[in-house]
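Here the structure is laid out as structure tokens; the discussion comes afterwards.
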Ligand code: FAD
Ligand code: NAD
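Residue numbers (our numbering): 1 to 401.
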């Protein structure tokens, strides 16, 4: 009799943690992992690559370092579609593969909300390549300024003021003095603007904490325009609405960080979804498909306290992966499933390398202690996906840099 086939799609936080958990169990099954690249990247550091604070190699490692070839086959390919009823997956280069159980963990994409010009002129921050593009684009504008002295080349607009934008601004403001020196331009001429639709910045934190973080960024030269939804992007202009009036700001670098949606493969595969997310059952499977687990940014899990889905984070993706391993083993052994529950440990938002604000296990933190907490959390994530050896190789025990 052929072995049970388990296919994992995506080697991000959710996918790789699931693989590690399953491999540890030494089950008598065939495991296949499919991922676009031959490396895993820590998406939680993309803003550091985009700002130039970190190189791509510092936030990524080879998937083969986690794969046990005796248990798992790794296929480097792009997933096109899941055929839920046929229990097959279409891959771009390797044809169709079949599964008995599937773990769908293809992560997130940039959300444009259908706003005109975003796809053409906005720079998203969702993969290593897109983060590198932001950095290179900004460098090109600074280099061009040396020739033309056109001030719009030094204008950067960051769209939205969620965690991604705030963390990017935190790193960028620390990098700009070095960049100004490199391109021999006056740092005070660089105009950094953040435009947010909602009237309040960082509403998830206590006012005192949010004000501390925002003031840090203002002190470093960031101008916030708040309560002003962006309506359109053109080649070098961001158009937003303020008091029912359209206003615009010129910028040659427009970073699009207004939120994310789940992988478009979710919709392509005909799952019932909202913004690329499947509202999963208590065992983390898709409704009507008890052998298809959906986790990470492609899933939505209701928070019974707020009656809204939990925010999509690496933290919940890692927990879901552990839940999948438990329930997959239960299903293989005809044992009852364990309903997934989640208790957020809190969140920390960095404001550059050595500053952060956060709420962890009910305690408010700010400044350097919060930044140490953030690095500890990130190291824990790396140990859960990669392992201690990879952590050592990356020199990740330094909590200052
Ligand atoms: P991902 O980590 O996105 O992994 C998906 C994997 O699937 C990737 O390897 C990708 O290459 C692959 N893939 C995608 N499409 C295909 C395809 N069609 N075919 C094959 N392979 C494919 N969360 C926190 O908890 N804490 C933080 O501090 C934090 N900071 C963040 C900072 C930034 C700048 C950003 C953008 C996000 C941050 N998040 C943070 C959110 C967190 O990164 C995501 O929630 C998390 O990455 C989701 O994990 P995942 O496993 O679902 O997907
Ligand atoms: P987000 O959805 O959290 O924030 C996007 C922001 O853009 C919101 O404030 C929204 O009001 C604003 N926005 C949306 N449309 C707009 C428009 N038309 N004009 C102006 N502003 C607009 O998205 P994100 O920051 O990319 O984060 C994505 C996910 O990753 C979230 O779940 C977040 O919690 C997580 N994340 C966590 C961390 C961390 O824990 N340190 C860091 C980064 C991201």
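Even for Gly, the Cβ is constructed at its ideal location relative to N, Cα and C.
For residue i and residue j, I'd like the C-alpha separation in whole angstroms.
{"i": "residue 112", "j": "residue 239", "result": "14 angstroms"}
{"i": "residue 177", "j": "residue 222", "result": "14 angstroms"}
{"i": "residue 19", "j": "residue 327", "result": "14 angstroms"}
{"i": "residue 60", "j": "residue 44", "result": "11 angstroms"}
{"i": "residue 275", "j": "residue 332", "result": "31 angstroms"}
{"i": "residue 295", "j": "residue 225", "result": "35 angstroms"}
{"i": "residue 102", "j": "residue 342", "result": "22 angstroms"}
{"i": "residue 108", "j": "residue 76", "result": "18 angstroms"}
{"i": "residue 155", "j": "residue 299", "result": "37 angstroms"}
{"i": "residue 205", "j": "residue 359", "result": "7 angstroms"}
{"i": "residue 194", "j": "residue 253", "result": "12 angstroms"}
{"i": "residue 14", "j": "residue 306", "result": "24 angstroms"}
{"i": "residue 49", "j": "residue 131", "result": "6 angstroms"}
{"i": "residue 55", "j": "residue 9", "result": "26 angstroms"}
{"i": "residue 317", "j": "residue 280", "result": "13 angstroms"}
{"i": "residue 198", "j": "residue 42", "result": "28 angstroms"}
{"i": "residue 152", "j": "residue 170", "result": "22 angstroms"}
{"i": "residue 66", "j": "residue 35", "result": "13 angstroms"}
{"i": "residue 4", "j": "residue 99", "result": "8 angstroms"}
{"i": "residue 227", "j": "residue 321", "result": "37 angstroms"}
{"i": "residue 220", "j": "residue 134", "result": "20 angstroms"}
{"i": "residue 209", "j": "residue 314", "result": "23 angstroms"}
{"i": "residue 336", "j": "residue 386", "result": "30 angstroms"}
{"i": "residue 393", "j": "residue 63", "result": "14 angstroms"}
{"i": "residue 115", "j": "residue 264", "result": "17 angstroms"}
{"i": "residue 348", "j": "residue 371", "result": "8 angstroms"}
{"i": "residue 192", "j": "residue 391", "result": "34 angstroms"}
{"i": "residue 207", "j": "residue 51", "result": "27 angstroms"}
{"i": "residue 260", "j": "residue 162", "result": "11 angstroms"}
{"i": "residue 340", "j": "residue 284", "result": "7 angstroms"}
{"i": "residue 404", "j": "residue 21", "result": "Lying outside 1 to 401, the shown extent of the chain, residue 404 is not represented and no answer is given."}
{"i": "residue 203", "j": "residue 158", "result": "18 angstroms"}
{"i": "residue 243", "j": "residue 310", "result": "32 angstroms"}
{"i": "residue 376", "j": "residue 366", "result": "15 angstroms"}
{"i": "residue 181", "j": "residue 175", "result": "10 angstroms"}
{"i": "residue 267", "j": "residue 301", "result": "18 angstroms"}
Under a Cβ-count criterion, where at least 16 other Cβ atoms within 10 Å of its own Cβ denotes burial, should residue i be classed as buried or exposed?
{"i": "residue 1", "result": "exposed"}
{"i": "residue 106", "result": "buried"}
{"i": "residue 388", "result": "exposed"}
{"i": "residue 72", "result": "buried"}
{"i": "residue 216", "result": "buried"}
{"i": "residue 96", "result": "exposed"}
{"i": "residue 319", "result": "buried"}
{"i": "residue 40", "result": "buried"}
{"i": "residue 136", "result": "exposed"}
{"i": "residue 94", "result": "exposed"}
{"i": "residue 143", "result": "exposed"}
{"i": "residue 270", "result": "exposed"}
{"i": "residue 124", "result": "buried"}
{"i": "residue 409", "result": "Nothing can be reported for residue 409, as the shown portion of the chain is limited to 1 through 401."}
{"i": "residue 172", "result": "buried"}
{"i": "residue 141", "result": "buried"}
{"i": "residue 363", "result": "exposed"}
{"i": "residue 218", "result": "exposed"}
{"i": "residue 361", "result": "exposed"}
{"i": "residue 85", "result": "exposed"}
{"i": "residue 17", "result": "buried"}
{"i": "residue 246", "result": "exposed"}
How would you write the range of the alpha helix (DSSP H) that residue i sits in, first residue to last?
{"i": "residue 374", "result": "368-385"}
{"i": "residue 327", "result": "314-332"}
{"i": "residue 120", "result": "118-121"}
{"i": "residue 390", "result": "388-393"}
Residue i lies in the beta strand (DSSP E); which residues open and close that run?
{"i": "residue 351", "result": "That residue, residue 351, is in no beta strand (DSSP E); it is neither H nor E in DSSP."}
{"i": "residue 105", "result": "From DSSP, residue 105 is part of no beta strand (DSSP E); its letter is neither H nor E."}
{"i": "residue 206", "result": "Taken as a continuous stretch (DSSP letters only), residue 206 belongs to no beta strand (DSSP E), as it is neither H nor E."}
{"i": "residue 224", "result": "222-226"}
{"i": "residue 112", "result": "Per DSSP, residue 112 belongs to no beta strand (DSSP E) and is neither H nor E."}
{"i": "residue 231", "result": "230-234"}
{"i": "residue 337", "result": "Per DSSP, residue 337 belongs to no beta strand (DSSP E) and is neither H nor E."}
{"i": "residue 98", "result": "96-98"}
{"i": "residue 90", "result": "88-91"}
{"i": "residue 358", "result": "356-360"}
Ranges of the beta strand (DSSP E) found wholly within the region 128-204, counting only runs of at least 3: 155-159, 191-196
Length at least 3, wholly inside the region 2-78: the beta strand (DSSP E) runs in chain order: Look at the region 2-78 and you find these whole runs of beta strand (DSSP E), each 3 residues long or longer: 4-9, 29-35, 39-41, 60-62, 72-76.
Whole runs of the beta strand (DSSP E) within the region 240-296, excluding any shorter than 3 residues: 245-250, 253-256, 260-262, 289-294
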